Structures are given as C-alpha cells and as structure tokens.
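Under the working numbering, residues 2 to 355 are what the sequence shown spells out, in order.
We treat Cβ as the ideally placed atom computed from N, Cα and C, and that holds for glycine.
None of these values were measured; they are calculated from a predicted model.
Scroll down for the structure; my scribbles are underneath it.
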Amino acid sequence: MKKLFSMVLCLAFVLCLFSAAGAGEKIGVSMPTQSLQRWNQDGANMKAQLEAAGYEVDLQFGGDNEVPVQVSQLENMISGGCKVLVISAIDGSSLTTVLNDAKAQGIKVIAYDRLIMNTDAVSYYATFDNFKVGTLQGEFIRDQLKLDATEGPYNVELFTGDPGDNNINFFFGGAMSILKPYIDSGKLVVKSGQVEQAQCATPSWSTERAQARMENLITSMGYGPSGVKLDAVYSSNDSVANGITNALVGAGYTKDNFPLLTGQDCDVTAMKNILAGTQSMSIFKDTRTLAERVVKMVDAIMKGTTPEINDTKTYDNGTGIIPSYLCDPVFCTKDNYKELLINSGYYTEEQLSQ
Ligand code: BGC
Numbered sequence: 002m003k004k005l006f007s008m009v010l011c012l013a014f015v016l017c018l019f020s021a022a023g024a025g026e027k028i029g030v031s032m033p034t035q036s037l038q039r040w041n042q043d044g045a046n047m048k049a050q051l052e053a054a055g056y057e058v059d060l061q062f063g064g065d066n067e068v069p070v071q072v073s074q075l076e077n078m079i080s081g082g083c084k085v086l087v088i089s090a091i092d093g094s095s096l097t098t099v100l101n102d103a104k105a106q107g108i109k110v111i112a113y114d115r116l117i118m119n120t121d122a123v124s125y126y127a128t129f130d131n132f133k134v135g136t137l138q139g140e141f142i143r144d145q146l147k148l149d150a151t152e153g154p155y156n157v158e159l160f161t162g163d164p165g166d167n168n169i170n171f172f173f174g175g176a177m178s179i180l181k182p183y184i185d186s187g188k189l190v191v192k193s194g195q196v197e198q199a200q201c202a203t204p205s206w207s208t209e210r211a212q213a214r215m216e217n218l219i220t221s222m223g224y225g226p227s228g229v230k231l232d233a234v235y236s237s238n239d240s241v242a243n244g245i246t247n248a249l250v251g252a253g254y255t256k257d258n259f260p261l262l263t264g265q266d267c268d269v270t271a272m273k274n275i276l277a278g279t280q281s282m283s284i285f286k287d288t289r290t291l292a293e294r295v296v297k298m299v300d301a302i303m304k305g306t307t308p309e310i311n312d313t314k315t316y317d318n319g320t321g322i323i324p325s326y327l328c329d330p331v332f333c334t335k336d337n338y339k340e341l342l343i344n345s346g347y348y349t350e351e352q353l354s355q
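The following block contains the structure:
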C-alpha cells in the first residue's frame, strides 16, 4: 500500500513537471488591426487563454492594417525572446524575410486564421473552414432566391475582401462554386460584368471602399427601389457588408425591399443590421474556439509533442501543405442568433439592441 502510494505521488510529481514545461515562457501574438471588432476579440481571447495556461504574452496589433508595423513588431518579438509566434498576417505574402529570422532561431510559427504564404517557416495553421464559409454564403443566396424552383433571372453583384488575404480565394471560391453555374446559365445576372475575384476585391476589407463601389454600381447600373431591381449582393464579410448596407440605405432601400446581403463574423454592426432587416445573414466563427485550439497547439509545441490537426490536404502556402486545424463555421440569421450568440454568452441582448 505504502509502495503504491509513493508510486502515485511520484507520477503526480512527474505530471506536474510536465504540465509546467514552458510555463512562464513568452509567446508572441500578432493581429492585423484593431479597427475591426473580430481581431480585438481574437487578440483578447488568445491573451487570456495563453495567460491562463501559464505563458507570458506579447500581443500586438499591426496599426490599421499596416504591413511595415506588423513586420517590425514581429522583429521585436523575435529579439524579445518569444518561443512561438502566432500570426494573423495583414498581407500573407509579406512576411518571408522576417520569418526567415524566426526560423533561424528555432522559433515556431503558427498561422492564425489567415495562411502565411511562400515561407517554410510556418509549422501549423489554425483557421475556420474558409471554403465552407463561402459555400454557406452561396447556398444562402441560392436557397433564398429559390434558384432551382423559379425562372428568374435575378440581378446580383459580388464583393469580396483584401487581395493580399489568402482567405478570399476560399471565401469567393466557395461562394462561386455554388453561384457560378447559375451565372453561366443566365439565371443570375451580374449586370456590372464584374465577376472576377480581382474585380470584386475590397482592399483592407474597408467599409468605406465597399460603400464607394456599391454607390458606383447603384449609379451606373441604375439599381434602386424604384429603379432596376437588385435581388442580392454577395459579400464575403461584415465590414464589407456594412459599407454595402450604407450605400443601399442611402439609395432609399428599406427593410421591406432590401436585397439579400451576406456577411461573415457576426460583428455588432452587422448583427444590428440583420435585426433591422438591412443585412440577411452572417457567418458565426466563434473566436473563443479558434483561440482555444491555437492555445492547445502552442502548448503542444512547447511541450515537444505534436499538435492535433484535422486537415493535411487543403492549404498549400507555396512551399508545401501546411498541417491545419479547421474549426467549423455556421450561418447566422435573425432566426437563430439567440441560440448561437446570446445563449452561448458571445454577446448580451443589450450589445445588439439598436
Ligand atoms: C477573416 C474574416 C475577416 C476578414 C477581415 C479574414 O481573413 O477570416 O473573418 O472578416 O479577414 O478582417
């Protein structure tokens, strides 16, 4: 009995030592901007969860999507002794040089939400299933317009995000995998003719730029509540959708005749628009889940074990496939937001009240 007791004690001691491995070490967390709600949430969640796991955290935001700021923050993290860097890149192709330095010093890099391209310094990638985000958005438009059961044609315009963000290939690509056959058959009509990803891009995912482009389309195509009918606008995310909503409201659209409009992130402005009838849906990506997953990855790396991944075929960053963990996105409308956002404690009702 005594022997068993001392063995258990011994095991507990070893486990204790094991879980303390890496404790107090510094982890760098680099987020793209503070100007968008989601990155503030991502940063705060990452910091809180890493600290709870015993790590010291250097959390930085890259100004307002400013690449040189992000690069110099990463340089400081490297020289400041960070052991792992968790990075959501502003421009996925601009970090090659700085990450060569990280690699040379044995610092591991996890790409957070957005893949970092053209560098073999990236060890892992954690994100949501970005192609699925796009297909959920495309299916929403298909189903709401009942494209398989009605004649049409329906007028639609297309918006995606920043051309330097690898995610848009998946968001736009996923949406087009659903919508393109209807565009090809003429049931969906893009009157502007702007159907290529590059033509539909919104630099910096900017609300103002999206608003300006939508205002141009309204003027040049004659869309309006008493003009040419606009049935739907595809938008890859909420910051872009917010600009589109501003332009459509400015043109006189109300909740009673508003075109279908997609989004992503369930940001507060977008949720208020959804509840007011001036946006149709968003995609909920629970940033708490992504942060939890990345903290597990960091912890595994620090303990010298292999992080859990669930995808080894989708994300090639130009140097090969990056082992990834894809979290599951879900669609959100006014019909299910309570269950998704309020009951799960993501928002309070007050935060979403007008
Ligand atoms: C993220 C989206 C976000 C967008 C703009 C994308 O990389 O996946 O959730 O809306 O960037 O910040």
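| CA-to-CA distance, D130 to M2, given in whole angstroms | Indexing the sequence shown from 1 puts residue 2 at position 1. Indexing the sequence shown from 1 puts residue 130 at position 129. Residue placement at M2 cannot be trusted, given a pLDDT of 47 that sits under 50; what the coordinates show is reported in the next sentence. Rounded to the nearest angstrom, the two C-alpha atoms are 52 Å apart.
| Do you know offhand how far K314's Cα is from P324's? | Here the question's residue 314 lines up with position 313 in the sequence shown. Here the question's residue 324 lines up with position 323 in the sequence shown. Spanning the two alpha carbons is a distance of roughly 8 Å.
| request: Identify which residue in V58, G346 and A45 has its Cα closest to the Cα of I28. | output: If you number the sequence shown from 1, residue 28 lands on position 27. Of the candidates V58, G346 and A45, the one whose C-alpha sits nearest the C-alpha of I28 is V58.
| Touching by the beta-carbon criterion (3+ pairs, under 8 Å), the stretch 132-142 and the stretch 209-225 | No, the stretch 132-142 is not in contact with the stretch 209-225.
| said: Measuring straight from C-alpha to C-alpha, what distance separates Y83 and N66? | reply: Reading the sequence shown from its first residue, position 82 is the one you call residue 83. Reading the sequence shown from its first residue, position 65 is the one you call residue 66. Looking at the sequence shown, residue 83 is not Tyr but Cys. Taking the straight line joining both Cα atoms gives about 22 Å.
| said: Going by DSSP in three states, Q327 sits in which element: helix, strand or coil? | reply: In the sequence shown, the residue the question calls residue 327 occupies position 326. The question names Gln, but residue 327 is Leu in the sequence shown. Note: L327 maps to strand in three-state DSSP.
| query | Should T292 go down as buried or exposed, given a rule of 16 or more other Cβ atoms within 10 Å for buried? | reply | Within the sequence shown, residue 292 is the residue found at index 291, counting from 1. Looking at the sequence shown, residue 292 is not Thr but Ala. So A292 counts as buried.
| message | Could you check whether the Cβ of P308 sits closer than 8 Å to any Cβ belonging to chain B? | response | In the structure shown, chain B does not exist; there is a single protein chain.
| field | Backbone secondary structure at L37 - three-state DSSP | value | As a working mapping, residue 37 is identified with position 36 in the sequence shown. L37: coil per DSSP, three-state reduction.
| message | Just checking D149 against the ligand BGC - is the residue's beta carbon closer than 7 Å to any of the ligand's heavy atoms? | response | As a first step, residue 149 must be located in the sequence shown, where it is residue number 148. No, since every heavy atom of the ligand BGC falls outside the 7 Å radius drawn around the Cβ of D149.
| Counterpart residues of G29 in DSSP-defined beta bridges | Residue numbering aside, residue 29 sits at position 28 when the sequence shown is read from its first letter. For G29, which the question treats as bridged, DSSP gives the partners D59 and L86.
| request: Round the Cβ separation of T161 and Q198 to the nearest angstrom and send it over; I've been treating them as touching at under 8 Å. | output: Locating residue 161 in the sequence shown gives position 160, counting from the first residue. Locating residue 198 in the sequence shown gives position 197, counting from the first residue. Contact between T161 and Q198 holds: CB atoms are separated by about 6 Å, below the 8 Å threshold.
| So, Q355 versus A271, is the Cβ gap smaller than 8 Å? | For the purposes of this step, residue 355 is identified with residue 354 of the sequence shown, where counting begins at 1. For the purposes of this step, residue 271 is identified with residue 270 of the sequence shown, where counting begins at 1. No, the pair does not count as a contact, with Cβ atoms beyond the cut-off.
| request: Give the straight-line distance between the Cα atoms of I169 and G107, rounded to the nearest whole angstrom. | output: Residue numbering aside, residue 169 sits at position 168 when the sequence shown is read from its first letter. Residue numbering aside, residue 107 sits at position 106 when the sequence shown is read from its first letter. Rounded to the nearest whole angstrom, the C-alpha separation of I169 and G107 is 31 Å.
| query | If you draw a straight line from the C-alpha of I302 to the C-alpha of P308, how long is it? | reply | Taking the first residue of the sequence shown as position 1, residue 302 is located at position 301. Taking the first residue of the sequence shown as position 1, residue 308 is located at position 307. The alpha-carbon of I302 is positioned some 7 Å away from that of P308.
| query | Could you give the distance in angstroms between the alpha-carbon of L231 and the alpha-carbon of V157? | reply | As a working mapping, residue 231 is identified with position 230 in the sequence shown. As a working mapping, residue 157 is identified with position 156 in the sequence shown. The straight-line gap from Cα to Cα measures roughly 6 Å.
| request: Would you check if the distance between the CB atom of A112 and the CB atom of I88 is smaller than 8 Å? | output: In the sequence shown, residue 112 corresponds to position 111, counting from 1. In the sequence shown, residue 88 corresponds to position 87, counting from 1. Cβ distance < 8 Å, so A112 and I88 count as in contact.
| query | Can you tell me the Cα-Cα spacing of R39 and D268, whole angstroms? | reply | Translated into positions along the sequence shown, residue 39 becomes position 38. Translated into positions along the sequence shown, residue 268 becomes position 267. Between the alpha carbons of R39 and D268 lies a distance of about 7 Å.
| Taking the DSSP output, what are the residues bridged to I284? | Along the sequence shown, one-based indexing puts residue 284 at 283. Beta-bridge partners of I284 (DSSP): F332.
| message | For S94, which residues in the same chain have their Cβ closer than 7 Å to its Cβ, ignoring the five residues on either side in sequence? | response | Translated into positions along the sequence shown, residue 94 becomes position 93. M118, N119 and G165, listed in sequence order.
| field | Backbone CA spacing between N167 and A45 [nearest angstrom] | value | For the purposes of this step, residue 167 is taken as the residue at position 166 of the sequence shown. For the purposes of this step, residue 45 is taken as the residue at position 44 of the sequence shown. CA-CA distance, N167 to A45, rounds to 24 Å.
| L75 and V99 look like a contact to me (Cβ under 8 Å); what is the Cβ gap, rounded to whole Å? | For the purposes of this step, residue 75 is taken as residue 74 along the sequence shown, with counting starting at 1. For the purposes of this step, residue 99 is taken as residue 98 along the sequence shown, with counting starting at 1. So it is a contact: roughly 5 Å between Cβ atoms.
| request: Reducing DSSP to helix, strand and coil, say where N344 ends up. | output: Here residue 344 is taken as the residue at index 343 of the sequence shown, counted from 1. Judged by DSSP in its simplified three-state form, N344 adopts coil rather than helix or strand.
| message | Distance check for I275 and Y338, CA to CA, integer angstroms please. | response | Counting from one through the sequence shown, the residue named residue 338 turns up at place 337. Counting from one through the sequence shown, the residue named residue 275 turns up at place 274. So the alpha carbons of these two residues sit roughly 10 Å apart.
| request: Please look up how many angstroms separate the CB atoms of S237 and F132, rounded, as I've assumed it's under 8 Å. | output: Here residue 237 corresponds to residue number 236 of the sequence shown, with the count starting at 1. Here residue 132 corresponds to residue number 131 of the sequence shown, with the count starting at 1. Rounded to the nearest angstrom, the Cβ distance from S237 to F132 is 12 Å, too far for a contact under 8 Å.
| What's the gap between the Cα of V331 and the Cα of I322? | On the sequence shown, position 330 is the one that residue 331 refers to. On the sequence shown, position 321 is the one that residue 322 refers to. The alpha-carbon atoms of V331 and I322 are separated by roughly 25 Å.
| task | Could you tell me if the beta carbon of R289 falls within a distance shorter than 7 Å of some heavy atom in the ligand BGC? | result | Indexing the sequence shown from 1 puts residue 289 at position 288. Flag unset: Cβ of R289 not near the ligand BGC.
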